[in-house]
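Visitor: First the structure, then my questions, so here it is.
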Amino acid sequence: MSERPKVRDVGGRLGILLPGFGAVATTFVAGVEAARRGLARPLGSLTQLNTIRLGKRTADRVPRIADFLPLVPLEDLAFGAWDPIPDDGYQSALKAGVLDAPHLKSLRGFLEGIRPMPAVFDRAYVRRLDGTNVKRATTKMELANGLREDIRRFSRENGCERLVMIWCGSTEIFLRPGPAHESLDAFEAAMESNDPAIAPSMIYAYAAIMEGVPYANGAPNLSADVPALEEASVARGVPLAGKDFKTGQTLMKTILAPGFKARMLGIDGWFSTNILGNRDGEVLDDPDSFKTKEESKLGVLEHVLQPEMYPELYGRLYHKVRINYYPPRGDNKEGWDNIDIVGWMGYPMQIKVDFLCRDSILAAPIVLDLALFLDLAARAGLSGIQEWLSFYFKSPQTAEGLYPEHDLFIQHRKLKNTLRWLGGEEPLTHLGMDYYRDG
Ligand SMILES: NC(=O)c1ccc[n+]([C@@H]2O[C@H](COP(=O)([O-])OP(=O)(O)OC[C@H]3O[C@@H](n4cnc5c(N)ncnc54)[C@H](O)[C@@H]3O)[C@@H](O)[C@H]2O)c1
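Numbering (the numbering used here), first residue to last: 756 to 1194.
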């Protein structure tokens, strides 16, 4: 095991910078403020609610994660955002339609106080959107410099000790990693020459890394998941995490599929369809943005089930994902899954899951946990990809040549063991032999 890091103290304010100030981002900041005022509980957040067992089951040492490790308290968080749509936090949250009017009313002044900074935005990458609150410059490098100035100004004006950035912007069109992403030199040259291979989300990631700000990507577009930015994050000592918040249907998939596999039940087909009517749904109605999301959602079963290892169980699996934009539903998505499983002697069975979910309500606590854990990672001197945060992502970013771990329960153990390691405790193996033997 690599040498155990020492976590630096937590003192001072943490600024959370959000490119994209739509449904997820406004639900997140509203929820933090509601929790600070005692108006709502931060359900879904491990950093706020979860405990962690230390040592043997008989030792009775089960502190809250927040008492075990030095995490920034909610009172010490400050929020900044960029968005091409100039709506302040209150207007944006109203339009998103996630939170009820009484909740929003009580938080109105606070939300109105957060106005998005002009964005690095280009319709070529998100075709279904337009906005006026946009930075102008002649090269992508100049745009990155504009973001870097924003970051420094925000930090100064809000008295922040440290910052993190979490991409909550729209899903960009599908891009494959290419020569422009291979090294930092190539990436910077491509920014100078306005190469279309450099998407806006990459410019934010670059600006964050160069400013020493940890970065996480909540959407499926590449953003920091390219060798150039991984290289830069290691060189600059900056933690990275991504991609695509694991909420809704994929969360259900990574809960159910490991269970079927654990019992060696076969699966012939998994058909997933969604109807949603928020701005995210509208953006995903563009086939090129949907392709980015589809790739992210499809990979999950393949990795959990390992059909190459279990061809008789999963070799025939037909996996289909559909997302349908249906405005009447707003943010209250409905995700249907039909799962054709196969049991003893090849007898077929069916499972139907109808999840009436609220996407942003599931995503908001992920934003909070990622911000606090990335800040912890930075204070522990960790840099580059933080695979222990895979728990929160549909498409976990991993080192080159390493397949991602999608099973939610393995991800959860990895997360908790990393926290134990960071806190100077032994990881748990769950072997438990010593409870039954003298020793
Ligand atoms: N549960 C979830 O809601 C969930 C789960 C996984 C991933 N995501 C992803 O998170 C992202 C945010 O979701 P949402 O529901 O809040 O969407 P949203 O459409 O409500 O908000 C996205 C915001 O990003 C802004 N934006 C677009 N390009 C930008 C740019 N270049 N710079 C700054 N802002 C930009 C848009 O104007 C919009 O306000 C989406 O990419 C979505 O796919 C959401």
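Even glycine gets a Cβ: it sits at the ideal position worked out from N, Cα and C.
Values in this document were obtained by computation on a predicted structure and should not be read as measured data.
For ligand 1, any of its heavy atoms closer than 6 Å to the Cβ of L902?
Guide: Residue mapping note: residue 902 aligns to position 147 of the sequence shown, counting from 1. The answer is no for L902.
Visitor: Does DSSP put P994 in a helix, a strand or coil?
Guide: By one-based count along the sequence shown, residue 994 stands at place 239. In this structure, P994 counts as strand in the three-state DSSP scheme.
Visitor: Out of curiosity, what's the CA-to-CA distance linking R763 and S956?
Guide: Stepping through the sequence shown from its first residue, residue 763 is reached at position 8. Stepping through the sequence shown from its first residue, residue 956 is reached at position 201. So the two alpha carbons sit approximately 30 Å from each other.
Visitor: State the Cα-Cα distance for the pair T1153 and V1059, rounded to the nearest angstrom.
Guide: The residue given as residue 1153 occupies position 398 in the sequence shown. The residue given as residue 1059 occupies position 304 in the sequence shown. Distance between the alpha carbons of T1153 and V1059: 15 Å.
Visitor: State the beta-bridge partners of E986 as determined by DSSP.
Guide: Position 231 of the sequence shown, counted from the first residue, corresponds to residue 986. DSSP lists no partner for E986.
Visitor: Are there 16 or more other CB atoms within 10 angstroms of the CB of I964, so buried, or fewer, so exposed?
Guide: Along the sequence shown, one-based indexing puts residue 964 at 209. So I964 counts as buried.
Visitor: Where does I807 sit, in a helix, a strand or coil, going by DSSP?
Guide: Position 52 of the sequence shown, counted from the first residue, corresponds to residue 807. Three-state result, I807: coil.
Visitor: Exposed or buried, K1016, counting other C-beta atoms within 10 Å across all chains shown (16 or more means buried)?
Guide: Reading the sequence shown from its first residue, position 261 is the one you call residue 1016. It counts as buried.
Visitor: Can you give me the C-alpha to C-alpha distance between G777 and G973, rounded to a whole angstrom?
Guide: Position 22 of the sequence shown, counted from the start, is the residue given in the question as residue 777. Position 218 of the sequence shown, counted from the start, is the residue given in the question as residue 973. Their backbone Cα atoms lie some 13 Å apart in a straight line.
Visitor: Throw me the rounded Cβ distance for the F1146 and H1161 pair, which I believe falls under 8 Å.
Guide: The sequence position of residue 1146 within the sequence shown is 391, counting from 1. The sequence position of residue 1161 within the sequence shown is 406, counting from 1. F1146 to H1161, Cβ: 10 Å. No contact.
Visitor: Measure the C-alpha to C-alpha separation of P818 and L1170 and round it to an integer number of angstroms.
Guide: By 1-based counting over the sequence shown, the position of residue 818 is 63. By 1-based counting over the sequence shown, the position of residue 1170 is 415. Going from the Cα of P818 to the Cα of L1170 covers about 16 Å.
Visitor: Determine whether the beta carbon atoms of P969 and L1131 lie at a separation below 7 Å.
Guide: The residue labelled residue 969 in the question sits at position 214 within the sequence shown. The residue labelled residue 1131 in the question sits at position 376 within the sequence shown. Cβ distance not < 7 Å, so P969 and L1131 don't count as in contact.
Visitor: Counting Cβ pairs, one atom from each stretch, are 3 or more of them under 8 Å apart for the segment 1042–1062 and the segment 1091–1100?
Guide: Verdict: no, contact absent.
Visitor: Determine, using beta carbons only, whether L1127 and T1002 come nearer to each other than 7 Å.
Guide: Translated into the one-based positions of the sequence shown, residue 1127 becomes position 372. Translated into the one-based positions of the sequence shown, residue 1002 becomes position 247. Taking 7 Å as the Cβ cut-off, L1127 and T1002 do not qualify as a contacting pair.
Visitor: Could you check if D885 belongs to the surroundings of ligand 1, using beta carbon to heavy atom distance under 6 Å?
Guide: As a working note, residue 885 is residue 130 in the sequence shown. Outside the cutoff, so no.
Visitor: My output table needs one value for V1097: the three-state DSSP class, helix, strand or coil.
Guide: Residue 1097 sits at position 342 when you count from the first residue of the sequence shown. Note: V1097 maps to strand in three-state DSSP.
Visitor: State the start and end residues of the unbroken beta strand (DSSP E) segment that holds F1026.
Guide: Counted from its first residue, the sequence shown places residue 1026 at position 271. G1021 to L1031 is the span of the beta strand (DSSP E), which, as asked, contains F1026.
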